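Asks: Per the numbering used here: the sequence shown ends with 819, consecutive numbering throughout. Ideal Cβ positions, reconstructed from N, Cα and C, are used throughout, including at glycine. Predicted model only: the values in this text are computed from it and were never measured.
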Amino acid sequence: MSSLLLKPDYRFKRRDRISIDTCTLWQVESGFVRTVTWNEDGEIVVLGLWNPGSIIGVPISQIEPCELQCLSTVELTRLPLDYPLTLDMLLRHTAQVNRLLQIMHCRQVQERLLQFACWLAENFGQPASHGRLITVKLTHQEIAETIGTSRVTVTRFIKHLETAGLMRWSGQERFISNKALKAHQRELMIA
629 MSSLLLKPDY
639 RFKRRDRISI
649 DTCTLWQVES
659 GFVRTVTWNE
669 DGEIVVLGLW
679 NPGSIIGVPI
689 SQIEPCELQC
699 LSTVELTRLP
709 LDYPLTLDML
719 LRHTAQVNRL
729 LQIMHCRQVQ
739 ERLLQFACWL
749 AENFGQPASH
759 GRLITVKLTH
769 QEIAETIGTS
779 RVTVTRFIKH
789 LETAGLMRWS
799 GQERFISNKA
809 LKAHQRELMI
819 A
């Protein structure tokens with residue numbers, strides 16, 4: 629059964645949290661969602677950030693507990709229990725998780741932040757003159773949870789990266805410069 633034939637079942641507002649069960653798959657129709665779980669200390673562990681077309685849920689992540697957190701207004705379609713997962717879906721899911729894991733293992737927090745911002749720009753951005761505008765709005769706290777640091781540290785390093793001309797992250801604008809993106813691409817080729 630094609631998900632294109634299904635209409636969005638559920639609409640959620642930014643910051644809504646959706647507990648999910650072990651056998652439900654969801655397709656993101658519009659908006660941005662992050663999947664999270666918790667460690668033994670109750671701290672959030674971000675499993676992924678997802679945009680329209682993404683298929684998400686415990687059957688793919690194999691992690692419980694799991695929660696969906698809406699980063700914008702979101703429309704989701706609940707997929708039938710017999711929905712066929714394709715190899716392409718699983719590979720895309722695995723690629724994102726692997727890339728986030730690679731970012732998490734950058735030793736320098738500023739480099740981790742810059743790599744994450746470049747990844748956001750590449751996956752959730754639109755071309756602009758001299759760089760890319762990031763279309764998903766993440767708070768400094770949400771970024772900190774994703775890259776494993778504190779909100780204060782994220783704010784401090786964003787200011788450093790803005791001063792260096794590598795990004796702008798203020799008010800409604802989230803921008804990554806071509807200079808940062810090119811350096812990021814070189815880093816990926818070396819790794």
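Runs of 4 residues minimum, wholly inside the segment 704-744: which ones carry the alpha helix (DSSP H) assignment?
Replies: Listed in chain order, the complete alpha helix (DSSP H) runs (minimum 4 residues) inside the segment 704-744 are 715-732.
Asks: By a C-beta neighbour count over all protein chains shown, 10 Å radius and 16 as the cutoff for buried, is residue 645 buried or exposed?
Replies: Here residue 645 corresponds to residue number 17 of the sequence shown, with the count starting at 1. Burial call: exposed.
Asks: What would DSSP say about residue 769, mapped onto helix, strand or coil?
Replies: Here the question's residue 769 lines up with position 141 in the sequence shown. Looking at residue 769 - three-state DSSP - the assignment turns out to be helix.
Asks: Should residue 691 and residue 722 be called a contact, given that it needs their Cβ atoms to be closer than 8 Å?
Replies: The count along the sequence shown starts at 1 and reaches residue 691 at position 63. The count along the sequence shown starts at 1 and reaches residue 722 at position 94. No, they are not a contact pair.
Asks: Tell me whether residue 813 sits in a helix, a strand or coil according to DSSP, three-state version.
Replies: Within the sequence shown, residue 813 is the residue found at index 185, counting from 1. Helix at residue 813.
Asks: Please list the terminal residues of the continuous beta strand (DSSP E) segment that includes residue 660.
Replies: For this step, residue 660 is matched to residue 32 along the sequence shown. Counting along the chain, residue 660 falls outside any beta strand (DSSP E), and DSSP gives it neither H nor E.
Asks: Which class does residue 648 belong to by DSSP, given the choice of helix, strand or coil?
Replies: If you number the sequence shown from 1, residue 648 lands on position 20. Coil, per DSSP.
Asks: Please name the residue, chosen from 680, 730, 651, that lies closest to residue 709 on a Cα-to-Cα basis.
Replies: As a first step, residue 709 must be located in the sequence shown, where it is residue number 81. The shortest C-alpha separation from residue 709 is found at 651.
Asks: Looking only at DSSP bridge pairs, what is residue 666 linked to?
Replies: For this step, residue 666 is matched to residue 38 along the sequence shown. Residue 666 is bridged to 672.
Asks: For residue 761, which of helix, strand or coil comes out of DSSP?
Replies: Counting from 1 along the sequence shown, the entry for residue 761 is found at position 133. Strand, per DSSP.
Asks: One question on the structure: do residue 894 and residue 656 come within less than 8 Å of each other, judged by their Cβ atoms?
Replies: Lying outside 629 to 819, the shown extent of the chain, residue 894 is not represented and no answer is given.
Asks: Exposed or buried, residue 770, counting other C-beta atoms within 10 Å across all chains shown (16 or more means buried)?
Replies: Residue mapping note: residue 770 aligns to position 142 of the sequence shown, counting from 1. That one is buried.
Asks: Answer yes or no: do residue 781 and residue 772 have a C-beta to C-beta separation smaller than 8 Å?
Replies: Here residue 781 is taken as the residue at index 153 of the sequence shown, counted from 1. Here residue 772 is taken as the residue at index 144 of the sequence shown, counted from 1. Taking 8 Å as the Cβ cut-off, residue 781 and residue 772 qualify as a contacting pair.
Asks: Which residues does DSSP list as the beta-bridge partners of residue 690?
Replies: Here residue 690 is taken as the residue at index 62 of the sequence shown, counted from 1. DSSP output for residue 690 lists no bridge partner at all.
Asks: Skipping 5 residues on each side, what residues in its chain have a beta carbon closer than 7 Å to that of residue 717?
Replies: As a first step, residue 717 must be located in the sequence shown, where it is residue number 89. The residues are 683.
Asks: Anyone know if the C-beta pair for residue 803 and residue 759 falls short of 8 Å?
Replies: As a first step, residue 803 must be located in the sequence shown, where it is residue number 175. As a first step, residue 759 must be located in the sequence shown, where it is residue number 131. Yes, the pair counts as a contact, with Cβ atoms nearer than the cut-off.
Asks: In its own chain, which residues sit with a C-beta less than 6 Å from the C-beta of residue 703, not counting the 5 before and 5 after it?
Replies: Mapped onto the sequence shown, residue 703 falls at position 75. Once the five neighbours on either side are set aside, the close Cβ partners of residue 703 are 636, 639, 657, 658.
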